[in-house]
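Take a look at the structure below.
Protein chains: 2
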Amino acid sequence: MIKVQDLTKTYTMGNTQVHALRGVKLEIGAGELVAIMGPSGSGKSTFMNLVGCLDRPTGGEYSLDGVDVSRMNDNQLAEIRNEKIGFVFQQFNLLPRTSALRQVELPMIYSGVPNRAERAMMALEAVGLADRHDHTPSELSGGQQQRVAIARALVNDPRVLMADEPTGALDTRTGEEVMAIFQRLHRTGTTVVLVTHEWDIAQHCNRIIRFKDGRVVSDDPVETP
Amino acid sequence: MIKVQDLTKTYTMGNTQVHALRGVKLEIGAGELVAIMGPSGSGKSTFMNLVGCLDRPTGGEYSLDGVDVSRMNDNQLAEIRNEKIGFVFQQFNLLPRTSALRQVELPMIYSGVPNRAERAMMALEAVGLADRHDHTPSELSGGQQQRVAIARALVNDPRVLMADEPTGALDTRTGEEVMAIFQRLHRTGTTVVLVTHEWDIAQHCNRIIRFKDGRVVSDDPVETP
Ligand SMILES: Nc1ncnc2c1ncn2[C@@H]1O[C@H](COP(=O)(O)OP(=O)(O)OP(=O)(O)O)[C@@H](O)[C@H]1O
Ligand SMILES: Nc1ncnc2c1ncn2[C@@H]1O[C@H](COP(=O)(O)OP(=O)(O)OP(=O)(O)O)[C@@H](O)[C@H]1O
Ligand SMILES: [Mg+2]
Ligand SMILES: [Mg+2]
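As given, the protein sequences belong to chains A and B, one line each in that order. 966 is the number of the first residue of the first sequence in the numbering used here; add one for each residue after it. 966 is the number of the first residue of the second sequence in the numbering used here; add one for each residue after it.
In structure tokens:
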């Protein structure tokens, strides 16, 4: 499903260069549930943005579901993203002054899905927020905003769900409820890639890939207890 | 240092009311290191915003360092906030397009402290970000932004440090480094109140206050191992 070879991302600021990813090679098969871990600043979000078709690599190859996306232009990236990927951002990226229901409806407007309001309400119910559907982000707690972002990423039944620290703002029990949703998706064939700092969350996955200084330093299966 | 009695906060949205805090009574003494825990949406950030003098209660009493702040106007609240409190926001609240160094300098401009750039650099060094001092928020990882927000809260030597989930975006090791800073402050007499979802972080504190549905449901000392 996801195949990268020598994936590189260098940010240029004035006359300094930041090597956020230094040649990453890995493959993630359809239906896997993978945890990405590593220290702050090690390149995890950079990797997620490239694989999520939100940004373009400086070098290397990336093919998603057999299609080479490394050299696509912005329109083509946007199309493949809306069609195949659900993305939960580390900072949620909700639209200000927009109700929770509307946030979750938006991806379905782009893809022309019918019964948006009903499906959006079901997604909000799945994350425990049906009674906050009319709240805008400033009227929601941090963890509630995160769950709206999760509902929005799920609502279009994506082939690949990419979640950058989806439980960071959640208490243990709410975090477990979100992981139960991701595991259910994984069992129905969705490929799930999530970044986490929490070992307990990583144990719900079947594989842990660790980043350090822009490189993959380990890639191991999770032993089921 | 912090004394609240029957503290209440009700948000009114159109014709519905959200009772975020339903009469909280507690006292935190000078120099304590307190963890606030509880489920997503239970009222922790609302409590922190009131005690941090960022918002006004709907009802109840609050005195900070012996001064009644419950009925102060916005200017008086801003003054006492800049003088006594360092606040780390759950969503960081950094200024866009502003370098890390400048973010940390800003509180010192308001309070008229000299040698701002030097002191700001030392605060960034303390959180491991001296080499990112010229990066704006969009050029920093999530955990790096969080650490800039921590440096900014510390730089003015506040009497009370209020941190709303200060390690949420950090890996375990970086989170431990931040807790070491908070413990050092606590030992020199700063009162530290932090919200966390992580049990390991709460164990660094000497007291855990738990919230549920807008109320305090438990308030216990941490047994030192
Ligand atoms: N401005 C607002 N208007 C209406 N409701 C609000 C507003 N701000 C917060 N709320 C509601 O008040 C409740 C408490 O919110 P608060 O942010 O204090 O929770 P929290 O304990 O910090 O949660 P989290 O752990 O998810 O950050 C939530 O249910 C939220 O929806
Ligand atoms: N737009 C940018 N310009 C310059 N440097 C950047 C930019 N975005 C990220 N960086 C740098 O690239 C490195 C990797 O950032 P990235 O966001 O991928 O880290 P991360 O592993 O997600 O960290 P965290 O766990 O803190 O979220 C960081 O050191 C960061 O400062
Ligand atoms: Mg990140
Ligand atoms: Mg909160």
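Using N, Cα and C, we set each Cβ at its ideal position, and we do this for glycine too.
- Here DSSP, grouped into helix, strand and coil, assigns His984(B) to strand.
- Note: Glu1026(A) is bridge-paired with Gln970(A) in the DSSP secondary-structure output.
- If you look at Leu1066(B), you'll find it in the alpha helix (DSSP H) that goes Ala1065 to Ser1076.
- Using a Cβ-Cβ cut-off of 7 Å, Gln1109(A) is close to Ser1005 and Gly1006 of chain B, given in chain order.
- DSSP places Asp1039(A) inside the alpha helix (DSSP H), whose first and last residues are Asp1039 to Lys1049.
- Not one heavy atom of ligand 1 falls within 7 Å of the beta-carbon of Leu1159(B).
- Sequence-distant partners of Ser1035(A) (beyond 5 residues in either direction) whose C-beta falls short of 8 Å from its own C-beta, in its chain, are Arg1021, Pro1022, Gly1025, Glu1026, Tyr1027 and Ser1028.
- Leu1150(A) sits in a helix when the DSSP states are folded into three classes.
- Under DSSP, Lys1177(A) takes part in a beta bridge, and its partners are Arg1180(A).
- Separation of Ala1118(A) and Ser1183(A) (C-alpha to C-alpha, rounded to the nearest whole angstrom) is 28 Å.
- Contact check for Asp1030(B) and Arg1124(B): beta-carbon distance about 7 Å, within the 8 Å limit, so the pair qualifies.
- Within the stretch 1111-1169 of chain A, the complete beta strand (DSSP E) segments at least 3 residues long are 1125-1129 and 1156-1160, listed from N- to C-terminus.
- Separation of Pro1072(B) and Ala1000(A) (C-alpha to C-alpha, rounded to the nearest whole angstrom) is 38 Å.
- One finds Gln1056 and Gly1107 in chain B with Cβ atoms closer than 8 Å to the Cβ of Gln1056(A), taken in chain order.
- In this structure, Thr973(A) keeps its C-beta atom at 8 Å or more from the C-beta atom of Val983(A).
- For His1162(B), at least one C-beta of chain A is nearer than 8 Å to its own C-beta.
- The DSSP-derived three-state label of Leu1089(B) is helix.
- In this structure, ligand 3 has a non-hydrogen atom nearer than 7 Å to the beta-carbon of Lys1009(A).
- Taking a beta-carbon distance threshold of 8 Å, Ser1010(B) counts as an interface residue toward chain A.
- At a threshold of 7 Å, Gly1107(B) counts as near ligand 3, since its beta carbon sits closer than that to one of the ligand's heavy atoms.
- Here Gln1055(A) really is in contact with Ala1134(B); their C-beta atoms are around 7 Å apart, less than 8 Å.
- Contact with chain B is found for Leu1135(A), since one of that chain's Cβ atoms lies less than 8 Å from the residue's Cβ.
- Closest by C-alpha distance to Asp1039(B), out of His1100(B), Arg1180(B) and Leu1015(B), is Leu1015(B).
- Neighbours of Tyr1027(B) across chain A, judged by C-beta separation under 9 Å, do not exist; the nearest C-beta is about 21 Å away.
- Annotated three-state conformation of Glu997(A) is coil, per DSSP.
- Under the 10 Å beta carbon count, Thr1132(A) is surrounded by 16 or more other beta carbons and is classified as buried.
- With contacts defined by Cβ atoms closer than 8 Å, Gln1110(B) and Phe1057(B) form a contacting pair.
- Inclusion of Asp1129(A) in the 7 Å shell around ligand 3 follows from its C-beta lying nearer than that to a non-hydrogen atom of the ligand.
- Against Thr977(B), chain A offers no close residue; the least beta-carbon distance is about 11 Å (beta-carbon pairs closer than 7 Å).
- Closest in C-alpha terms to Gly1179(B), from the list Thr1011(B), Gly1107(B) and His1169(B), comes Thr1011(B).
- Among the residues facing chain B, Glu1130(A) is included, as its CB has a counterpart in that chain under 8 Å away.
- Residues of the stretch 1059-1079 of chain A that bring their beta carbon within less than 7 Å of a beta carbon in chain B are absent altogether.
- In this structure, Phe1057(B) has its CB at a distance of at least 7 Å from all heavy atoms of ligand 2.
- The stretch 985-1005 of chain B makes no contact with the stretch 1040-1048 of chain B: fewer than 3 CB pairs, one atom from each, lie closer than 8 Å.
- Across the set Ala1095(B), Ile967(B), Thr977(B) and Arg1081(B), the C-alpha of Ile967(B) shows the shortest separation from the C-alpha of Cys1018(B).
- Within the same chain, Met1002, Glu1130 and Gly1133 come within 8 Å of His1162(B) by CB-CB distance, once the 5 residues on both sides are set aside.
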